[in-house]
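First the structure, in the form of structure tokens, and then the observations on it.
Numbering (the working numbering), first residue to last: 79 to 222.
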């Protein structure tokens, strides 16, 4: 990994043990490997910290910061103040990248367009079924 990662992925974490494994797997398996993953524990009382520690022992790109419970916004700000990446990506701890090329696509789009902000598409699960939702303006499109 170069001195400056291309993307710092900031993940605020509060009692997310149920989802965190899938979330972190989706980040560390991205095709864009020149990243840092900053997890900010926001006072979790479950196994979230031990999951992050396990990932950080296996992958030096994963870092754990901790704070008393103050909310996701303050956790994100702590992540930003510690990030060294060229770009910053936010991911919630109960979400995951469904495609391993998500960060590559976003990074390339930002670079090609000299963008300061870049977004992608999202998909929601409803009753164990994927319900697609594209970010077009502020609209979400759902189908059952």
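Quick reminder that beta carbons are idealized off the backbone N, C-alpha and C, glycines included.
Given this structure, state the Cα-to-Cα distance separating residue i from residue j, to the nearest angstrom.
i           : j           : result
residue 84  : residue 94  : 26 Å
residue 130 : residue 192 : 33 Å
residue 88  : residue 138 : 15 Å
residue 154 : residue 168 : 8 Å
residue 90  : residue 103 : 16 Å
residue 98  : residue 166 : 19 Å
residue 113 : residue 96  : 24 Å
residue 180 : residue 188 : 12 Å
residue 182 : residue 110 : 5 Å
residue 82  : residue 125 : 31 Å
To which residues of the same chain is residue i closer than 7 Å at the C-beta, ignoring the five residues directly before and after it?
i           : result
residue 173 : 101
residue 134 : 140, 141, 142
With DSSP as the reference, label residue i as helix, strand or coil.
i           : result
residue 92  : coil
residue 152 : helix
residue 196 : coil
residue 189 : helix
residue 158 : helix
Apart from the five residues on each side of it in sequence, which residues of its chain come closer than 8 Å, Cβ to Cβ, to residue i?
i           : result
residue 156 : 118, 143, 145
residue 161 : 86, 88, 114, 116
Output needed for residue i: all residues of its chain with C-beta closer than 6 Å, excluding positions within five of it in sequence on either side, in chain order.
i           : result
residue 147 : 120, 121
residue 115 : 87, 105, 139, 140
residue 149 : none
Please confirm whether any heavy atom of the ligand GDP lies closer than 8 Å to the CB of residue i.
i           : result
residue 104 : The ligand GDP is not part of the structure shown, which contains no ligands of any sort.
Mark residue i as exposed unless 16 or more other C-beta atoms lie within 10 angstroms of its C-beta, in which case mark it buried.
i           : result
residue 123 : exposed
residue 136 : exposed
residue 128 : exposed
residue 108 : buried
residue 171 : buried
residue 151 : exposed
residue 159 : exposed
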